[in-house]
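>
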Amino acid sequence: MIENTQQFTQRKQEHIRLALDDSTQANGFSGLDSIQLIHEAIPDLDFSKVDISSQLFNQSIATPFLVSSMTAGHDAAVKINETLAIACQQRGWLMGVGSQRRQLFENEAAKEWQAIRKLAPQAKLLGNIGLTQLILTPSAQIQRLADSLAAEAMIVHTNPLQEVLQAEGTPHFKGSYQAIERLCRELPIPIIIKETGCGFSKQTLLRLNNLGVSAVDISGFGGTHWGRIEGLRNEPQSQRFKAAQVFKNWGISTVQSLLDAVSLTPDYAIWASGGVRSGLDAAKLLALGAQVIGFAKPMMESALQGIEAVLKQMELYEFELKTALFCTGCKDIATLQENIVWQPSK
Ligand SMILES: Cc1cc2nc3c(=O)[nH]c(=O)nc-3n(C[C@H](O)[C@H](O)[C@H](O)COP(=O)(O)O)c2cc1C
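Read in our numbering, the sequence shown has 271 at position 289, and its numbers run on one by one without any break.
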């Protein structure tokens, strides 16, 4: 049964409020501090020539950056998504929209995208649906979600810890792999599988191979933590609140999950997110082998301040990435990835 609009809106707003609270951030656990890029004292290139363009499924894109999927389907979401989409179009970033679950039950919800497309017709948008919804939904309906925002690709997110700790959650993952395989077979656009801050194990990454998936965003532990967020939505005496405290450090770090993914050389591209908080963090993940790098919480924070704040944040991350390329002596991202320019921190 789908909850009513008021309950849905309240939940989404609680999520935003709690995601911005420091206590729901797994700061220091991403593994990024354990990686160091190697300084090049004589780069033999000009900073102005450093190129941060990247590849998305064989097309060239201006940056490897993605505003990770966040919110959708309620009044406040429209403004947030409009702000992010306009900024993404301007800076050439990708943008994942938040879960389109509501749209499965209410066609009206698609209006949000019509409004956004008028303002940002060229933005590269990625659709989003939860794996537990995908299992129950025919591919034609998922296609409808993607069409409504003219999506480049569809992201399917997985979030078992969140579903089990959320009072309204749907912890029903039986049939996941068949559902993913079916979607990849039946949809003509790329399918991306993504965690939401707990990462993927080697075993799961291996099982995602040969299903037709185009990319996996490992979205690891080290940033926004949905166990912590859902815990705080419950009464302190409740089972869910107490369990969330026990599971507050549950997950596989962003760096560990990325290293595992790269070691498998899978048939899908590897994207990384989860606790990425600077262009230097992004450079480390690119050096380790990720193709696209996602930022969620910091972009929500700036979107709530307005378009100027988002653009400033984006320009800072781009500058930091360029600085990391320059100071490792790499003229572009391909060079960063072809050479070993990182080492474990001492
Ligand atoms: C307010 C908020 C809402 C989110 N909603 C979604 C969602 O609807 N779908 C999804 O795939 N991920 C969602 N996420 C997870 C992010 O895309 C990302 O995987 C996670 O927050 C880790 O990145 P971060 O540490 O940069 O925040 C959400 C994150 C935030 C902060």
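By construction, the Cβ of each residue, glycine as well, lies at the ideal position given by its N, Cα and C atoms.
(1) Taking C-alpha atoms, which residue in V146, F155, I315 lies nearest to L118?
(2) Excluding sequence positions up to five away, which residues of its chain have a Cβ less than 6 Å from the Cβ of P153?
(3) Is the beta carbon of S239 within less than 7 Å of some heavy atom of ligand 1?
(4) Taking only the alpha-carbon atoms, compute the straight-line gap between I24 and S255 and give it to the nearest angstrom.
(5) Which residues in the same chain have their Cβ closer than 7 Å to the Cβ of E(-4), if we skip the five residues on either side of it in sequence?
(6) For F47, report the span of its beta strand (DSSP E) as first-last.
(7) Give the range of the alpha helix (DSSP H) segment to which K224 is assigned.
(8) Please go through the same chain and pick out, in chain order, the residues whose beta-carbon is closer than 8 Å to the beta-carbon of S327, but skip the five residues on each side of it.
(9) Ligand 1 and M296: does the residue's C-beta get closer than 7 Å to at least one heavy atom of that ligand?
(10) By the 10 Å Cβ neighbour count, where 16 or more other Cβ atoms means buried, how is S235 classified, buried or exposed?
(11) Use the C-beta contact count for G233: other C-beta atoms within 10 angstroms, 16 or more gives buried, fewer gives exposed.
(12) My guess is that S158 and G181 are in contact by the Cβ rule of under 8 Å, so how many angstroms apart are they, rounded?
(13) Write down every uninterrupted run of the beta strand (DSSP E) in the segment 202 to 286 whose length is 3 residues or greater and which is fully enclosed by it, in chain order.
(14) Quick check: is the beta carbon of I315 nearer than 8 Å to any beta carbon in chain D?
(15) Judging by CA-CA distance, which residue of E64, R(-7), S183 is the nearest neighbour of T96?
From the atom records:
(1) Here residue 118 is taken as the residue at index 136 of the sequence shown, counted from 1. For L118, the nearest C-alpha among the options comes from F155.
(2) Walking along the sequence shown from the start, residue 153 turns up at place 171. Same-chain partners within the cutoff: E145, V146.
(3) The count along the sequence shown starts at 1 and reaches residue 239 at position 257. Result no, Cβ not under 7 Å from ligand 1.
(4) Looking up residue 24 in the sequence shown gives position 42. Looking up residue 255 in the sequence shown gives position 273. Near 31 Å, if we compare the C-alpha coordinates of S255 and I24.
(5) Here residue -4 is taken as the residue at index 14 of the sequence shown, counted from 1. Taken in chain order, the residues that qualify are R215.
(6) By one-based count along the sequence shown, residue 47 stands at place 65. It spans 47 to 49 - the beta strand (DSSP E) in which F47 sits, taken as one unbroken run.
(7) Along the sequence shown, one-based indexing puts residue 224 at 242. Element bounds for K224: 221 to 228.
(8) Sequence index remark: in the sequence shown, residue 327 carries index 345 (1-based). Result list for S327: D15, S16, I17, Q18, in chain order.
(9) As a first step, residue 296 is located in the sequence shown; it is residue number 314 there, counting from the start. Not under cutoff, so the answer is no.
(10) For this step, residue 235 is matched to residue 253 along the sequence shown. S235 is buried by the Cβ-count criterion.
(11) Along the sequence shown, one-based indexing puts residue 233 at 251. With 16 or more other Cβ atoms within 10 Å, it is buried.
(12) Numbered from 1 along the sequence shown, position 176 holds the residue referred to as residue 158. Numbered from 1 along the sequence shown, position 199 holds the residue referred to as residue 181. Not really, about 16 Å apart at Cβ, beyond 8 Å.
(13) 251 to 255, 274 to 277
(14) Structure shown: chain D not included; a single protein chain is present.
(15) Against the sequence shown, residue 96 aligns to sequence position 114. The identity of residue 96 in the sequence shown is Gln, whereas the question assumes Thr. With distances taken between Cα atoms, Q96 lies closest to E64.
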